[in-house]
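Engineer: Numbered according to this note's numbering, the sequence shown terminates at residue 1301, and the numbering increases by one at each position without gaps. This is the structure I want to talk about, given as structure tokens.
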Amino acid sequence: MSDREDAAPMSDLSIQLRITSIRSRGRPGGVIFSGSTEDGQHYVAVCDYKLVPNASLVDKGQHWHVRGTPSRRQTETKNGYRIEETQILASEASMLRPAGRNIVGWIASCPGCEGIGQVKAQKLWGRFGLELTGLIERRDLDTLGEILAEKSAQALCDAFQKFRVADTLLWLDRMGLPRKIGASVAEYYQDEAQTKIEANPYVLLSFESDWKVVDELARTRFGVALDDPRRLEAGIEEVLYRGLAKGHTCLPEGKVQTGLTTLLKSGGLARQALTVAAASDQIKCIDGHYQSAGAHVMENYVAQGLHRLVAGIDEAGQAGLFSQVVSDPETVHGVIEAYEAAHSIKLSQEQRDAVLTSVASHLSLILGGAGTGKTTVLKALYLALKQLRPGVTIYQMALAGRAAQRMTEATGVKSMTIAGFLRKVDAGEIEMGSVIVVDEMSMVDVILMYRLLRHIPAGVQLVLVGDPCQILPIGPGLILHALAGHPAIPQTELKVVQRQSAESGIPRVAGAIRGHQKPTWAEYRGTPDVGVSFVPCSPAALESTVQRLYEELGGTGDDYRVQILSITNANLGGVKNLNSALHSRYRQAGETVRCFDPEFGLVNAMTLDKLPLKVGDLVMFTENDYELDLRNGSLGKVIEALPVEETDDPCCVCDFDGTEYLLDSQQLIALKHSYSITIHKGQGSQFPRVIVPVRRSRLLDQSLIYTAVTRGIEQVVLVGDEAAALAAILAPASAERRHITLPALLNGFQG
């Protein structure tokens, strides 16, 4: 909405409002909300950060007293309507009674509360307020029946009796915890929440990621001293969790102490905390590295699971049928020769070795840079497996939806994401002798690998495919990098580039980047060409230069012949800025897609980045929708806008990879523009021509540049800060800077 003041301010007004909607929450505090009085008068209250330091505590359904200066303002809604409303610039603001936001949230999300959603839960609180929990505990179905059907009222009472959460929810509400945290705490601890939190308030760190919020609560509400062992232990866990967020599964003692000194604002307290850690069950200390118990459990389980696969034993350490792998080299050679004849190709010795190794091993790795023929190996491998074991089931998967889709197209075998496999394939349905192939392993973190190994039974073959020089996992840990080169893991590395022609120059430059060597760039001539070039420019000129190059290389905003791959989503040269600029350049006059909003009715459709959606826009689908058969990362184009009257009506027609899809208002939420996409989203895809904006960033490293360059088929142009690019290329691999324990754990299982 946009506002314009139309009249002089009136005298101060003091009223009570029931909040009907939240207009805006300030990150440092402050909130704008709309509400109604008992007689139905509507107002908008503007409260600054001094009045409302924590905007997350304000929610719909609450009753507030507001005093301040009112004024009449004209407001434009999202769909273009102009309305007049009274806005109060608050000088005082206070909540009159507990909002029951935790109770409302719990009821609305509880699976046992059949037929009760957010709206009815709000109505219950609005009608009964603090009496609600008493009515539920007394099973007063007649009174609850004023709002609920008898079956729903019965279900609500049963759920409260089962979880015994009434007192907990009220207590959490009085504590001032945000609703999402209160609901999570109640669900996890049930009726023991108050006891658990009073015993150690820092358990809330598992639900609230902000140390300052929890630490303040612990010290002010519960009187926890600065040197309390609970606080010191929680401080170490917080430092380790921050390390997890940066990809580390453990941290050396020096980094832990430095982090503690910053967190606790005292070197003395940091040293005390390390002493506390030595006696803690929640913190492991291994060879001078500290690790949270959870990270240790996952990494240790992954190491043991991989060891069992290599050794051909089950979880009890027994061999039996699992130790027998059907492998006939003569048959495999025959299959390879037949495959070569059928496709008029010749597999390299590396590719042959990869097929033979994977056929004969419970666990194997197929490593190789972009274009080295990993997909060809997989196709030959599948033929050999089917020849040796007729009827064998092959589960093929990748981390990203688009990469899984490309695997299906390339191999002819159905693929899915790892998350889809875990959700859709029951562990009990996976037969002994099945083959599980996972691509894009460089991006698989320890959490996902832990889940995967827990899901697959003993007696399967696991083939891990990837390139250790490509992008690291966003989450913590390293799997492929820890296994690559390990003497106990059967593996083959493909080194000869098969995909791009040598004339393109891309393999040569990619090879230099992969080896942390300074590349020799091709000259950029300002036209569609071949090879990898670098066009230097200042940060101020980065985005305008990218747009100029886009057009010089033949980009028209109509297709993916030229694709921009950005390091980041935000900031200079990022996805948001470039998508906004190119959308405005090419779609300014395009027909706007309309959708149905529950609050405002028919409105202009907006993407996740708050940009208008128009016919002709290039778009990316950002969710895995198995009903639509669209994957996260699917690239497409809006080809038609449709008339809309209801939420479920299709709003537009989009073309994704040659298939047309009708998307409704809810499905449109998953769309964002894709004139530029992140390098992470581009992994698993290739484009004729690629442009890569380069600027100094903590995210910029050799693996990102290498991955971006290998997405191009004919031509790649990097633009921006050449010194930053060269520094990233020449620096040690980012994988070497991650602290993990998996290699040491794997070595412990040798012999």
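Here a beta-carbon is modelled for each residue, glycine too, at the ideal position from N, C-alpha and C.
(1) Check for me: the alpha helix (DSSP H) holding His1031 runs from which residue to which?
(2) In the DSSP assignment, find the unbroken alpha helix (DSSP H) run with Ala749 in it and report its ends.
(3) Is it true that the CB of Gly1081 sits closer than 9 Å to the CB of Ala547?
(4) What are the start and end residues of each continuous alpha helix (DSSP H) run of 4 or more residues lying completely inside the region 914 to 979, in chain order?
(5) Check this for me: beta carbons of Val1269 and Ala1258, under 9 Å apart or not?
(6) Work out the CA separation of Asn1121 and Pro1293 for me, nearest whole Å.
(7) To test your reading of the DSSP string, which unbroken alpha helix (DSSP H) runs of 4 or more residues are found completely within the region 987 to 1041?
(8) Tell me the residue span of the beta strand (DSSP E) that contains Ile1056.
(9) Alpha carbon to alpha carbon, what distance is there between Leu682 and Gly695?
(10) Out of Asp609, Leu1178, Ser1235 and Thr1209, point me to the one whose CA is closest to Gln672's CA.
(11) Report the residue from Gly1166, Ser1130, Gly804 and Gln1138 whose alpha carbon sits nearest the alpha carbon of Leu1158.
(12) Quick one: what does DSSP say Gly618 is sitting in, helix, strand or coil?
(13) Let me know the alpha helix (DSSP H) ranges lying completely inside the region 1106 to 1183, each 4 residues or longer, listed in chain order.
(14) In chain order, what are the residue ranges of uninterrupted alpha helix (DSSP H) at least 4 long that sit wholly in the region 1208 to 1261?
(15) Tell me the rounded alpha-carbon separation between Ala1034 and Pro1018.
(16) What span of residues does the alpha helix (DSSP H) with Ile786 cover, start to end?
(17) Contact check, Ser842 vs Tyr791 under 8 Å by CB: the rounded distance?
(18) Considering Asp765, what are the terminal residues of the alpha helix (DSSP H) in which it resides?
(19) In terms of alpha-carbon separation, which member of Leu913, Gln1097 and His1031 lies closest to Gln1011?
(20) What span of residues does the beta strand (DSSP E) with Ile863 cover, start to end?
(21) Given this structure, state the Cα-to-Cα distance separating Glu555 from Thr625, to the nearest angstrom.
(22) Report all residues from its chain with a CB closer than 7 Å to the CB of Leu1212; omit the five preceding and five following residues, and keep chain order.
(23) Which term fits His1289, buried or exposed, when burial requires 16 or more other beta carbons within 10 angstroms of its beta carbon?
(24) Taking the alpha helix (DSSP H) that Gly676 falls in, what are its first and last residues?
(25) Judging by CA-CA distance, which residue of Phe1171, Ser1094 and Asp1214 is the nearest neighbour of Arg1135?
(26) Kindly confirm or deny that the region 1061 to 1071 and the region 928 to 944 touch, where touching means at least three C-beta pairs closer than 8 Å.
(27) If contacts are defined as beta-carbon pairs under 8 Å, then Ala768 and Pro751 qualify, I think. What distance do you get, rounded to the angstrom?
(28) Quick check: what's the CA-CA separation for Leu722 versus Gly732?
(29) Could you tell me the distance, in whole angstroms, from the CA atom of Asp690 to the CA atom of Leu698?
(30) Would you identify the three-state DSSP class for Gln711, choosing helix, strand or coil?
(31) With a Cβ-Cβ cutoff of 9 Å, do Pro620 and Leu680 count as a contact?
(32) Tell me the rounded alpha-carbon separation between Ile1255 and Leu674.
(33) What are the boundary residues of the alpha helix (DSSP H) that includes Arg821?
(34) Looking at the structure shown, is Asp562 part of a helix, part of a strand, or coil, going by DSSP?
(35) Cβ of Ala1278 within 9 Å of Cβ of Gln1252?
(36) Which residue marks the beginning of the alpha helix (DSSP H) containing Pro879, and which one marks its end?
Structural biologist: The short version:
(1) Leu1030 to Leu1033
(2) Ala743 to Ala749
(3) Because the chain in this structure spans residues 551 to 1301, residue 547 falls outside the shown range and cannot be described.
(4) 924 to 938, 951 to 961 and 968 to 974
(5) no
(6) 36 Å
(7) 996 to 1005 and 1030 to 1033
(8) Ile1056 -> not in any beta strand (DSSP E); alpha helix (DSSP H) instead, spanning Ile1056 to Arg1064.
(9) 12 Å
(10) Asp609
(11) For the residues Gly1166, Ser1130, Gly804 and Gln1138, the minimum Cα distance to Leu1158 belongs to Ser1130.
(12) strand
(13) 1125 to 1137
(14) 1229 to 1232 and 1252 to 1259
(15) CA-to-CA, the gap between Ala1034 and Pro1018 works out to about 7 Å.
(16) First-last of the alpha helix (DSSP H) with Ile786: Pro779 to Ala795.
(17) The C-beta distance from Ser842 to Tyr791 rounds to 7 Å, short enough to fall under 8 Å.
(18) Trp761 to Arg771
(19) Leu913
(20) First-last for Ile863: undefined, no H or E at that position.
(21) Only weak support exists for where Glu555 lies, its pLDDT of 48 falling under 50; the coordinates are left without a value.
(22) Take Leu1212, set aside five residues on each side of it, and the residues of its chain with a beta-carbon closer than 7 Å to its own are Pro1200 and Val1203, in chain order.
(23) buried
(24) Gln668 to Phe678
(25) Check the Cα spacing between Arg1135 and each of Phe1171, Ser1094 and Asp1214: the tightest is with Ser1094.
(26) no
(27) The Cβ separation is near 4 Å, so the contact holds.
(28) 6 Å
(29) 12 Å
(30) helix
(31) no
(32) 55 Å
(33) For Arg821, the enclosing alpha helix (DSSP H) begins and ends at Gly817 to Ala828.
(34) Residue state for Asp562 is assigned as coil, using DSSP reduced to three classes.
(35) yes
(36) Pro879 to His893
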